[in-house]
Amino acid sequence: MTTLVLVPAFNEAARLGRVLAGIRAAAPDADVLVVDDGSLDDTSGVARAAGARAVRLPFNLGYGVAVQTGYKLAVRERYACVVQLDADGQHEPADIPALRAVIERGEADVAIGSRFLPGAAPYRLGVLRRLGMALFRLLARLLTDVRFSDVTSGFCAFNGDVVRFVATEWYPTDYPDADVLITLRRAGFRLREVPVRMYPRAGGSSMHAGLKPIYYVFKMLLSVALVPVRREAAAQKKGLT
Amino acid sequence: MTDGLTLHQTVFALITSLLTFLFILELVRRRRLREEYSWLWLLTAGVMIVLVVWFRLLMIVTRLIGAVTPLNTLLLFAVLFLLAIAVHYSVIVSRLTTQVKNLAQELALLSARLDERRP
Numbered sequence: 191m192t193t194l195v196l197v198p199a200f201n202e203a204a205r206l207g208r209v210l211a212g213i214r215a216a217a218p219d220a221d222v223l224v225v226d227d228g229s230l231d232d233t234s235g236v237a238r239a240a241g242a243r244a245v246r247l248p249f250n251l252g253y254g255v256a257v258q259t260g261y262k263l264a265v266r267e268r269y270a271c272v273v274q275l276d277a278d279g280q281h282e283p284a285d286i287p288a289l290r291a292v293i294e295r296g297e298a299d300v301a302i303g304s305r306f307l308p309g310a311a312p313y314r315l316g317v318l319r320r321l322g323m324a325l326f327r328l329l330a331r332l333l334t335d336v337r338f339s340d341v342t343s344g345f346c347a348f349n350g351d352v353v354r355f356v357a358t359e360w361y362p363t364d365y366p367d368a369d370v371l372i373t374l375r376r377a378g379f380r381l382r383e384v385p386v387r388m389y390p391r392a393g394g395s396s397m398h399a400g401l402k403p404i405y406y407v408f409k410m411l412l413s414v415a416l417v418p419v420r421r422e423a424a425a426q427k428k429g430l431t
Numbered sequence: 002m003t004d005g006l007t008l009h010q011t012v013f014a015l016i017t018s019l020l021t022f023l024f025i026l027e028l029v030r031r032r033r034l035r036e037e038y039s040w041l042w043l044l045t046a047g048v049m050i051v052l053v054v055w056f057r058l059l060m061i062v063t064r065l066i067g068a069v070t071p072l073n074t075l076l077l078f079a080v081l082f083l084l085a086i087a088v089h090y091s092v093i094v095s096r097l098t099t100q101v102k103n104l105a106q107e108l109a110l111l112s113a114r115l116d117e118r119r120p
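Chains as they are written, first to last, in the working numbering: chain A, 191 to 431; chain B, 2 to 120.
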């Protein structure tokens with residue numbers, strides 16, 4: 191099964207090398223794609239030097255647009271599996287095979303790396319983030335038949351059908367998170383959580399800084415609230431099959 | 002209560018709405034404003050002109066919506082139209098954002114493919 195490991199990166203030239211080496215070791219047969227989200231440093235150069243493919247966006251468009259660029263490439267080149275993880279070293283590349291295996295064995299269409307399942311490394315969070323996560327977990331529980339332990343994980347794997355789905359205009363490119371999981375589930379995809387290790391950031395700038403968390407919570411509430419009344423997702427799924 | 006507009010009010014309202022109408026037309030003529038984005042402005046100014054000139058209609062509308070004076074009606078309509086124009090632009094900006102996003106992604110994918118062909 192052809193697998194693409196997708197790494198969205200913004201100004202990560204300093205940390206990217208170690209992550210790419212980890213990916214190489216964990217998934218030597220997979221292609222690695224770094225989507226450089228208009229970095230000011232040499233992120234794409236570092237990626238190419240490490241043997242990864244690099245796609246560079248002409249200006250900074252945000253995390254969601256960067257990963258979706260990768261999905262679009264994966265659709266065009268017919269990858270059967272896409273694993274995505276962050277470039278800043280928060281996600282442990284050694285856990286890639288566990289996510290991949292779920293997709294390759296066809297056990298689920300989406301494998302979500304969870305830092306809160308039994309078997310995951312302990313992960314400490316501030317009170318506010320924990321509160322926000324509990325809220326979105328509850329919403330996901332109410333709107334789907336799945337009990338998610340980690341609804342804000344950017345460490346996950348998709349099969350080809352799901353990638354075709356998220357490469358379309360339906361995908362919410364500003365802060366895709368819980369709303370994506372809920373919509374995927376409601377569109378009929380099978381989701382499965384897998385315990386993974388995640389580490390606190392080792393420098394660089396988080397996309398959740400300043401006033402952005404407030405916007406994030408607002409956007410997510412609105413987006414989640416609209417999931418049940420948006421019909422396009424289900425229609426999209428039908429169009430695929 | 003509904004004594005109608007004073008001469009001052011009529012002249013002022015007429016001049017501002019006429020000037021707005023002509024200004025928008027001039028922008029379109031000089032191709033500084035696209036036709037597709039001018040219609041809501043022209044409609045706003047046009048309705049204002051009609052309401053000022055056709056006084057009976059203004060009175061009917063004033064009674065209909067329960068406004069105190071005809072001037073209130075004019076102002077209310079002006080605010081409503083501005084609101085409509087603002088929402089109209091939000092929709093346009095959203096569409097443009099999506100288009101720019103797609104163009105940027107396409108450009109990035111194509112230039113990556115070119116780079117990979119000639120090392």
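Positions of the beta carbon are idealized from the N, C-alpha and C atoms, including for glycine.
Locate the beta strand (DSSP E) running through residue i, then write down its first and last residues.
i	result
V419 of chain A	Taken as a continuous stretch (DSSP letters only), V419 of chain A belongs to no beta strand (DSSP E), as it is neither H nor E.
R243 of chain A	R243 to R246
S95 of chain B	Segment P71 to R118 is the alpha helix (DSSP H) holding S95 of chain B; no beta strand (DSSP E) there.
With DSSP run on the structure shown, which of helix, strand or coil describes residue i?
i	result
F379 of chain A	coil
D219 of chain A	coil
S343 of chain A	coil
T193 of chain A	strand
G303 of chain A	strand
Q274 of chain A	strand
A68 of chain B	coil
A237 of chain A	helix
A310 of chain A	coil
P403 of chain A	helix
P283 of chain A	helix
V384 of chain A	strand
A203 of chain A	helix
V336 of chain A	coil
D369 of chain A	helix
Strictly under 7 Å for the Cβ-Cβ distance: is residue i near chain B by that measure?
i	result
R268 of chain A	no
K262 of chain A	yes
T259 of chain A	yes
P362 of chain A	no
R246 of chain A	yes
V224 of chain A	no
L333 of chain A	no
V370 of chain A	no
V272 of chain A	no
V236 of chain A	no
L194 of chain A	no
V433 of chain A	No statement about residue 433 of chain A is possible, as the shown extent of chain A runs from 191 to 431 and does not include it.
L251 of chain A	yes
Hey, how far is the Cα of residue i from the Cα of residue j?
i	j	result
V54 of chain B	L15 of chain B	8 Å
T431 of chain A	Y389 of chain A	Caution is warranted here: a pLDDT of 49 is assigned to T431 of chain A, below 50, making its placement in the model unreliable, and the coordinate value is therefore given only provisionally. Going from the Cα of T431 of chain A to the Cα of Y389 of chain A covers about 38 Å.
D369 of chain A	E359 of chain A	14 Å
P366 of chain A	L247 of chain A	18 Å
L104 of chain B	T98 of chain B	10 Å
L77 of chain B	T70 of chain B	11 Å
S112 of chain B	N349 of chain A	26 Å
L72 of chain B	L41 of chain B	22 Å
V224 of chain A	R420 of chain A	32 Å
G228 of chain A	A204 of chain A	15 Å
Q106 of chain B	F338 of chain A	31 Å
M60 of chain B	T21 of chain B	23 Å
A330 of chain A	T45 of chain B	44 Å
P287 of chain A	L374 of chain A	22 Å
T3 of chain B	G67 of chain B	Residue placement at T3 of chain B is flagged as unreliable, the pLDDT there being 46, under the threshold of 50; the coordinate-derived value follows with that caveat. Each residue's Cα considered, the two are about 11 Å apart.
R64 of chain B	L19 of chain B	25 Å
V407 of chain A	D226 of chain A	26 Å
V245 of chain A	V48 of chain B	51 Å
Counting only C-beta atoms, is residue i closer than 7 Å to chain A at any point?
i	result
L46 of chain B	Sequence check: residue 46 of chain B is Ala here, not Leu. No, its Cβ sits nowhere closer than 7 Å to a Cβ of chain A.
A68 of chain B	no
L115 of chain B	no
L108 of chain B	yes
A87 of chain B	no
A14 of chain B	no
A79 of chain B	no
The alpha helix (DSSP H) spanning residue i covers which residue range?
i	result
T17 of chain B	L8 to R30
Y253 of chain A	Y253 to R266
F355 of chain A	G350 to V356
R290 of chain A	I286 to E294
R327 of chain A	V317 to L333
G47 of chain B	W40 to V54
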